[in-house]
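J.: Just passing along the structure, written as structure tokens.
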Amino acid sequence: MSGNLSRRAFLSVSERVSVPVTHQGVALVAAVGGVCLAARGVACGTCADPCEPRALKLRPLLGGRALPVIDAATCTGCGDCLAVCPVGALRLVPASSSSEEQACA
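As numbered in my numbering, residues 96 to 200 make up the sequence shown, in order.
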């Protein structure tokens, strides 16, 4: 049976394709809001894991915690980080209203 693909292999995505997300023709990027757990002193960082283009990174601080930082130039606005945030601190905003690199407030 060599050469046959399993159903799992056939249906799995071997390479993720990032397409910039737009709303009414305006590119959207992720932005971190004030309810971010990391900004309140709680170690979290779950938002950085699903970010495929690595636009969302964790900036280490003294004391062991880290704040999420979004590189607006790299962010595709896919929303994967929004879905995993336990407090809903992330949202999509027009790319023009976001600074080049935006940190958790």
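Where a beta carbon is used, it is the ideal one built from N, C-alpha and C, also for glycine.
1. Can you name the start and end residues of the beta strand (DSSP E) that D166 belongs to?
2. Along the chain, where does the beta strand (DSSP E) that runs through L185 open and close?
3. Looking at C-beta atoms only, is the number of pairs between the segment 177-193 and the segment 152-160 that lie closer than 8 Å three or more?
4. Rounding to the nearest angstrom, what Cα-Cα distance links G129 and G136 in this structure?
5. In three-state DSSP terms, what is V179?
6. What is the rounded straight-line gap between the Cα of R149 and the Cα of A143?
7. Please report the straight-line C-alpha distance between R186 and C146, rounded to a whole angstrom.
T.: Reading off the structure:
1. D166: member of the beta strand (DSSP E) spanning A161 to D166, first to last residue.
2. L185 to P189
3. no
4. G129 and G136 have their C-alpha atoms spaced approximately 12 Å apart.
5. helix
6. 7 Å
7. 14 Å
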